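These notes concern the structure reproduced below.
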Amino acid sequence: MDQAIGRQARWLGSPWARGAAAALAGALPALTFPAPSWWWLAYVALVPWLLLVRSAPTYRRAALDGWLGGTGFILAVHQWLLPNLHVFILVLALLLGALWAPWGVLVRALLGGAPAARRPAREGSPPAEPAGAYGEERRPVTGGRCAAALVLVPSGWLMVELVRSWEYLGGPWGLLGASQWQVPPALRLASIGGVWLVSLLIVAVNTALAELIARPAAWLPAVAGLLVCALAGTVAWLWAPVPRPAGTVRIAVVQPGLTGTPSARLARSETLTRSLAGREVRLIVWGESSLYKDPADHPALAARLTALSRQTGAELLINADSAHAERPGISKSAVLIGPDGLTGDRYAKIRLVPFGEYIPFRSVLGWATRVGKAATSDRLRGTGQVVMPVATADGLRVGPLVCFETAFPDMSRHLARDGARVLVAQSSTSTFQESWAPAQHASLGALRAAENWRPMVHATLTGISAVYGPRGEQIGERLGTDRSAAAVYDLPLAEGTSPYTRFGDWAVYGAMGALVLAGGYAGLRALSRRPARARR
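Going by the numbering used here, the letters in the sequence shown line up with residues 1 to 536, in that order.
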């Protein structure tokens, strides 16, 4: 055993081997997301990374281990972007991976070190502290540090998720809590504190397990932390409020599939929509960019769609690439069309996909268009979110989202607070058909539905289309990437306001507060020790 440990220590002593181990450890959590969807792995997936970082001989090395692990995580979660961005995906991963460098320092500060001696060598003297490989002293580990780690390590992780959720850094794709999209107790937790609370719990469990493995002698705080996490999940499942049923509404999703030209896509969508006549559907949803022209600017096209609405007895929520006369470019616009024509209700996408729909700091990063399929011109943004009443559904108010806007918890929450009874997402992942992207994207609807107690309709051009009830449960069949079909769903509605919708991102603010208090305490301790050292 000692020889095996010695060989492992020598192997990790190589900077290159340690860097590779950090990148692989950081990539491991990607398996918890679709398509693999090994959700159970999330509760242990961070343990190898935590153990590696805590063993770093210096804080500089811990920061590097955090950075490389974050790079591995971003690459693994977004590997489906490689055909489009090519080598530029590595540049992005390195930039975003740097967000985990401070987290690595935090992990080493709280989890590194050796267990404290029970009795000091002399009365009043501190216990012996073994030196690190670079002569750096390791602080003794106490129960207080173990307990602090269970709070501060997850809080630090949440700050990384929060910063990288900024739309200009790529948005909140791959938040750790989103891996639990099909786990009912986790969805119940999301209704209380959003996906952020689920992420906190997952990282807390991983931290407790890492403490048990690395410091068996300091088992009490780790076991207590695991029990608290288990209790939180149990309490949420048994006693958290749930939405009240409020009837159903029949909606349909039209997914034309890979049809080639825009005109062929429109023709297939019309055919599928006509097949819904007589089925008492109240709203028919098409996917993103289902039209290459805005019907508001093309009367003949508007007349065709109006006839479809009249024939089916349902309003159509289509999505058009809308041109603007006053400025160059197009916007992705959700447009509502009823039996009497355009209703006037429309929403233009406000959060665009970096590099896919625009290039941030194009003057500096514009070279990405030469090494991949980054946007050659920037899309136009809308001005704000919109809630639309659907006349054919007795005035049912729906809140549209376009494409990866479903990844942003605040956008769905804003629509729910503004009175939306149904969340509707229009998307197109046709570029990434053979990758994990369609399944990852479709899974986000379950989180948004559970967070806000509002059913979610996720309609795409080419799959995966899916529908979720107000608790995040899947409704009916999913339309896979191999399907060209129209599907009808009796969508359950709900009354009430979820705790997350009412109170918002309190879990994020709590994590911020914990880190601020811990930083202030550490600063005061450092100041109090300085005069004592000066007297010596």
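Heads up, the beta-carbon is just placed ideally off N, CA and C, and yes, glycines get one too. Just so it is clear, the structure is predicted and the values come from calculations on it, not from any experiment.
- Here PRO245 is exposed: its Cβ has fewer than 16 other Cβ atoms, across all protein chains shown, within 10 Å.
- Taking the Cα positions, LEU220 is about 55 Å away from SER333.
- In this chain, the beta strand (DSSP E) harbouring HIS458 covers 456 to 460.
- In this chain, the beta strand (DSSP E) harbouring LEU342 covers 341 to 348.
- When secondary structure is reduced to three states using DSSP, ILE89 falls in the helix class.
- Taking a contact to require three or more Cβ pairs closer than 8 Å, the segment 497 to 511 and the segment 178 to 197 qualify as touching.
- In the DSSP annotation of this structure, the continuous segment of the beta strand (DSSP E) that includes SER333 starts and ends at 330 to 338.
- In this structure LEU111 is not in contact with ALA42, their Cβ atoms being roughly 19 Å apart against a cut-off of 8 Å.
- Within the same chain, and ignoring the five residues on either side of TRP103 in sequence, the residues whose Cβ sits closer than 7 Å to its Cβ are GLY66, GLY156, TRP157, VAL160.
- When DSSP reads this structure, GLU315 sits in a beta bridge with LEU283.
- When the Cα atoms are used, SER331 and ALA494 turn out to be separated by approximately 32 Å.
- Between LEU200 and the set VAL398, ARG502, GLY177, PRO184, the nearest pair of CA atoms involves GLY177.
- Nearest C-alpha to TRP173 among ARG502, LEU227, TRP80: TRP80.
- Under the three-state reduction of DSSP, VAL242 is assigned to coil, being neither helix nor strand.
- Separation of the CB atoms of GLY395 and ALA348 is rounded to 23 Å, and the pair is thereby denied contact status at 8 Å.
- Looking only at VAL254, SER290, LEU238, LEU272, the smallest Cα-Cα distance to GLY260 is reached by SER290.
- Under the DSSP definition of a beta bridge, GLN255 partners with ALA485.
- With 16 or more other Cβ atoms inside 10 Å of its own Cβ, THR406 counts as buried.
- Secondary structure within the segment 26 to 57: the alpha helix (DSSP H) runs of 4 or more consecutive residues, fully enclosed, are 47 to 54 (chain order).
- Comparing C-alpha distances from SER269 to each of GLY278, GLU280, ALA252 shows the shortest one belongs to ALA252.
- Taking the C-beta atoms as reference points, TRP39 is found no nearer than 7 Å to GLN255.
- SER498 and ILE464 have their alpha carbons spaced roughly 27 Å apart.
- Secondary structure of LEU272 (DSSP, three-state): helix.
- Only residues of its own chain outside the window of five on either side were considered, and among them VAL253, VAL285, GLY287, GLN426, SER465 have a CB closer than 6 Å to the CB of ALA459, listed in chain order.
- In the three-state DSSP reduction, ASP65 falls in the helix class (H, G or I).
- Counting along the chain, the unbroken alpha helix (DSSP H) around PRO185 starts and ends at 184 to 214.
- Ranked by how close their Cα comes to the Cα of ILE318, the residues LEU227, THR234, VAL424 have VAL424 in first place.
- For the pair ALA27 and ALA76, the CB atoms are nearer than the 7 Å cut-off.
- Counting C-beta pairs with one atom in each stretch, the segment 431 to 440 and the segment 397 to 405 have fewer than three that are closer than 8 Å, which means they do not touch.
- In the structure shown, the three-state DSSP call for GLU495 is strand.
- Straight-line measurement puts the Cα of LEU491 at about 20 Å from the Cα of THR501.
- For PRO102, there is no enclosing beta strand (DSSP E); the enclosing alpha helix (DSSP H) has its first and last residue at 101 to 111.
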